[in-house]
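These protein sequence lines map, in sequence, to chains G and X. The opening position of the first sequence corresponds to residue 1 in my numbering, with each subsequent residue numbered one higher. The opening position of the second sequence corresponds to residue 1001 in my numbering, with each subsequent residue numbered one higher. Glycine included, every Cβ here is placed at the ideal spot set by N, Cα and C.
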Amino acid sequence: MNASARLQQVFREVFDDDEIVVTDTTTAKDIPDWDSLAHISLIVAVEGEFGIRFLGPEVAGLKNVGELRQLVERHLAR
Amino acid sequence: MNTDHTDVLRTALAGGGPSLRDLGRRLAGGSEREALAAGAAWLEENAPPRLGQPFAAAFLGWAGRHADAVERYERWLEDEEAPEAWHLAQLCRSWRKLGDAAGVWRTAARLHPWDLAFEPRQVVAQCLKALPSSGEGLKRLRVAILGTFTTTSVELCLKVAAVRLGLDLDLWVADFDQLRAQILQPDSALYRHDPQVVILATTWRDLRPGASGEGQADEWAQLWSVLLDRTRAQVLQHTFDRPVGSPGGHLDARDPGSLRSIAAEVNASLARRAPSRVTLVDYEQAVYRFGADTWTDARQWYWAKEAVAPGAAPWLAEEYVAVLRALTGQTKKMLILDLDNTMWGGIVGEVGVGGLSVGPPSVEGEAHQALQRYSKALAARGILLAVCSKNNREDALAPFGALHDMVLGLDDFVSFDTGWDPKPQRVKRMALTLNLGLDSFVFVDDNPAERAFMRRECPQVLTIPLPADASGYVEALDRARAFEVLSVSAEDAARAASYRAEREREDLKFTVTDSASYYASLEMVATISPFVPADHLRIVQLAGRSNQFNLTTWRLAQAEVEQLAASSAHACLTLRLRDRFGDYGLVLVMVTEVKGTCLEIGALFMSCRVIARSVEQLALAEMDRIALDRGCTTLRGLYLPTKKNRELVSDLYGRLGFERIEERPDGSTVWERTVDPEMPATNPWIRVERG
């Protein structure tokens, strides 16, 4: 499974919704339950899924899922 | 299922490569339903049942076959003592997909303190939210949480943990850092919620270094009195923890101005002044238990002011549950203890008092002694203690008074029940005699078969899942947090004493618990073999040690065993027994002699471990089989009485359908039974293999 597909899986689990479809342009506005607290669960879940650890500043500026995916891929490449 | 997949499953089972969980999630993510269903089938066939069953159910759930998943999970749960939270979460998900609220809530109630993983609780919380309960069988409780930190993960874990107490929490949570505002404003949202319980979730960050501990405690006490005045609620106040690490380092312990010292001062002051409507929730202790180092995730604190890391949240929830249990009157009242290998190491009926281990220098003995000490401390707080043991009364009583390191004495027990009947019916009898509900009992027994039977027959009794190693006994019992009360009074200790004074033995008749289904549930397999040289030593050993279940107490010597094995006039056998829980090894020996048309049973003895499982019924079946094989039409059995075997086997032959034909002056008896070639005796509960 590529990073996009795995990210989508994480979103489905965190928001408990099998129908969620995320693309690079998805933002917090697109998913109703995505508040600041869900955001943390999401970040932690993404870290767990890929076995990586983000730095605070890296996560602070993310604008959409595409940027999150790129961040994940950068970490995986290290 | 293609070979790639089976290989990957096989590797996962062996512990290599991606785990079964990860595999399943990947396949689910890719919507590979056929592969998942095929994987489930493969697991059911090939994996050991304890792994295969639940994972097959999980795979089926991921494949969208929720009815099948639920069916398999429920079947697996019947036997699982402490089911993994992860699997309970998967089951909950499937119930939720089926729209079955009762299933969701019933499963949530099965989460337990012996697996405190967070992620499964997150899943269960989502399911509970999606399918609110109908309220049946649950008590609604209005709880308010006023926190000085973000309590999201704690709220979730509390809501989930409360279900096992039969509570559906109506949780109102103040916005971040609104604790004082909500308490002090007269018409705040807090008061409109009309809470029955108010939790003041505070941490060391609310304390000021250098300022008087007593003064700071004053401030909290003042907030309490406002709350107590304006609500009917019970207030749950966190004890204060301390920062992990500080510039003062080791000197903090001696510096009265350090947060470490102040926290201790404030806690002590709060404990002194807490009125009865305020209960201290030991937040500090929860941090200590879990591990202060990882209690707070620094990143999460800086991101969102979460003071309790998700992994730690279930541990804090357990502290709340311990208090809620007491508040809702669900504190357990009595601890029922087994004796052999629970209260002491060893089986007293086999090795005698001298062979038991309690206390030093034996490692195992110290662990058993620790359990006794813990139990004794419970008794001092007014919790009742009882013994329920499968033993002759004399053997069970012997160690008390004779063994030096025993911590518990006979006086500590309100009931001392010995015998050979199934334990569940004996526990039911205790409940009636002492006029207590079964739901106020806690049952501790090292034997997984006994625990399984108790859970099956008396599900209201809290049966503690004990690990195989005695060193884990105290912790396992302690995790249940079953006995905490809101206060200890002189009355509690006195009540226990009056129960003890009323202790009596009675012969009430009760409906016999369905033994047949118990035997069947054990899935016993017996391997029956003639005397072979490899077994001779064990046969002699068992002959020497068996005292209770021993018909003639013939202490076979090595030479005799060899002669009997070689003798064509004798038919001898050994029986090995295993069941669902383990292998008991060689447990029964029978020596028979052909005397014309009569088959005489010269020796029949069995290990105590396998008493009351219908093994003697199987021995009878073997007697018939040998008799028919050798052209005998009558079975003759001899019983030689001893002090030790009287209770158990003096009427064994009678129970096996023999007729007593002779009673001799020394008390020994001779019995006979005709062999019916049309209807030889059988035992339907034990499968026989010939060795």
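Note the first and the last residue of the continuous beta strand (DSSP E) segment covering residue i.
i: ALA1431 (chain X); result: It is not in any beta strand (DSSP E) - ALA1431 (chain X) instead sits in the alpha helix (DSSP H) that spans 1423 to 1434.
i: GLU1523 (chain X); result: Neither: GLU1523 (chain X) is in no beta strand (DSSP E) and is coded neither H nor E.
i: MET1623 (chain X); result: From DSSP, MET1623 (chain X) is part of no beta strand (DSSP E) but of the alpha helix (DSSP H) over 1615 to 1629.
i: CYS1598 (chain X); result: 1598 to 1606
i: ASP1579 (chain X); result: 1570 to 1579
i: THR1418 (chain X); result: 1413 to 1419
i: GLU962 (chain X); result: Only positions 1001 to 1691 of chain X appear in the structure, and residue 962 (chain X) is not among them; the question remains open.
i: SER1389 (chain X); result: 1384 to 1390
Closer than 7 Å by C-beta to residue i: which residues in its own chain qualify, once you throw out the five before and the five after it? Chain order, please.
i: THR1011 (chain X); result: GLY1017
i: ALA1271 (chain X); result: LEU1280
i: GLY59 (chain G); result: Before going on, a small fix: residue 59 (chain G) reads as Val here, not Gly. Around VAL59 (chain G): ILE43.
i: ALA1286 (chain X); result: TRP1315, LEU1316 and GLU1319
i: GLU1523 (chain X); result: ASP1579 and ARG1580
i: LEU1564 (chain X); result: PHE1531, HIS1570, CYS1572 and VAL1591
i: PRO1641 (chain X); result: SER1650, GLY1667 and SER1668
Classify residue i: buried if its beta carbon has 16 or more other beta carbons within 10 angstroms, exposed otherwise.
i: GLU1674 (chain X); result: In the sequence on display, residue 1674 (chain X) carries Thr and not Glu. Flag for THR1674 (chain X) reads exposed.
i: GLN1369 (chain X); result: buried
i: GLU13 (chain G); result: buried
i: GLN1122 (chain X); result: buried
i: TYR1302 (chain X); result: exposed
i: ASP1676 (chain X); result: exposed
i: PHE1176 (chain X); result: exposed
i: HIS1404 (chain X); result: exposed
i: SER41 (chain G); result: buried
i: ALA1069 (chain X); result: buried
i: ILE1661 (chain X); result: exposed
i: ARG1140 (chain X); result: exposed
With a Cβ-Cβ cutoff of 8 Å, do residue i and residue j count as a contact?
i: THR1231 (chain X); j: TYR1191 (chain X); result: yes
i: VAL1266 (chain X); j: LEU1207 (chain X); result: yes
i: ALA1057 (chain X); j: TYR1073 (chain X); result: yes
i: GLU1659 (chain X); j: GLU1678 (chain X); result: no
i: VAL72 (chain G); j: THR26 (chain G); result: no
i: PRO1209 (chain X); j: ALA1233 (chain X); result: no
i: PHE1581 (chain X); j: ALA1449 (chain X); result: yes
i: ARG1636 (chain X); j: CYS1608 (chain X); result: no
i: ALA1174 (chain X); j: ILE1145 (chain X); result: yes
i: ALA1125 (chain X); j: LYS1097 (chain X); result: no
i: ASN1645 (chain X); j: GLN1548 (chain X); result: yes
i: MET1606 (chain X); j: SER1529 (chain X); result: no
i: ARG6 (chain G); j: GLU47 (chain G); result: no
i: MET1406 (chain X); j: GLN1372 (chain X); result: yes
i: SER1515 (chain X); j: PRO1422 (chain X); result: yes
i: ILE1336 (chain X); j: VAL1427 (chain X); result: yes
For residue i, which residues from the same chain have a beta carbon less than 8 Å from its beta carbon, with the 5 sequence-adjacent residues on both sides left out?
i: ALA1037 (chain X); result: PHE1059, LEU1060, ALA1063 and ARG1065
i: ARG1505 (chain X); result: Because the pLDDT at ARG1505 (chain X) is just 32, under 50, the model does not fix this residue reliably, and the point stays unresolved.
Is the closest heavy atom of the ligand SAH to the C-beta of residue i under 7 Å?
i: HIS1193 (chain X); result: As for the ligand SAH, it is missing from this structure, which has no ligand bound.
Which first and last residues belong to the alpha helix (DSSP H) in which residue i is found?
i: TRP988 (chain X); result: Chain X is shown from 1001 up to 1691; residue 988 (chain X) falls before or after that span and cannot be answered.
i: TRP1301 (chain X); result: 1298 to 1304
i: THR1669 (chain X); result: Unbroken run through THR1669 (chain X) is the beta strand (DSSP E), 1669 to 1674; no alpha helix (DSSP H).
i: THR1634 (chain X); result: It is not in any alpha helix (DSSP H) - THR1634 (chain X) instead sits in the beta strand (DSSP E) that spans 1634 to 1639.
i: ARG12 (chain G); result: 3 to 14
i: GLU1071 (chain X); result: 1066 to 1079
i: ALA1038 (chain X); result: 1033 to 1046
i: VAL1540 (chain X); result: 1536 to 1545
Would you mind telling me which residues of chain A sit closer than 7 Å to residue i, beta carbon to beta carbon, in chain order?
i: GLN1126 (chain X); result: Within the model displayed, chain A is absent; protein chains G and X are what it includes.
Near residue i, which residues of its chain fall below 6 Å by C-beta distance, leaving aside the five closest residues on each side in sequence?
i: PRO1054 (chain X); result: TRP1076 and HIS1087
i: ARG1578 (chain X); result: VAL1525
i: PRO1310 (chain X); result: PHE1118 and SER1153
i: THR1239 (chain X); result: ASN1267, LEU1280, ASP1282, TYR1283 and GLU1284
i: ASP1292 (chain X); result: One point to set straight first is that residue 1292 (chain X) is Ala, not Asp, in the sequence displayed. Cβ within range, chain order: VAL1244.
i: ARG1451 (chain X); result: ASP1445 and THR1463
i: GLN1617 (chain X); result: ASN1683
i: ASP1297 (chain X); result: ALA1309
i: ASP1439 (chain X); result: GLN1460
(request) Determine contact between the region 1372 to 1391 of chain X and the region 1340 to 1348 of chain X, defined as no fewer than three beta-carbon pairs at a distance below 8 Å. (result) yes
(message) With three or more beta-carbon pairs closer than 8 Å as the criterion, would you say the region 1346 to 1354 of chain X touches the region 1251 to 1266 of chain X?
(response) no
(request) Flag this pair as touching only if the region 1582 to 1595 of chain X and the region 1614 to 1629 of chain X have three or more C-beta atom pairs under 8 Å; answer yes or no. (result) yes
(message) Below 8 Å, how does it come out for the region 1323 to 1332 of chain X and the region 1357 to 1374 of chain X: are there three or more Cβ pairs, yes or no?
(response) no
(message) Measuring CB atoms only, is the region 1626 to 1638 of chain X touching the region 1371 to 1389 of chain X, in the sense that at least three cross pairs come out at less than 8 Å?
(response) no
(message) I'd like to know if the region 1102 to 1118 of chain X and the region 1164 to 1177 of chain X are in contact, where contact means that at least 3 CB-CB pairs between them fall below 8 Å.
(response) yes
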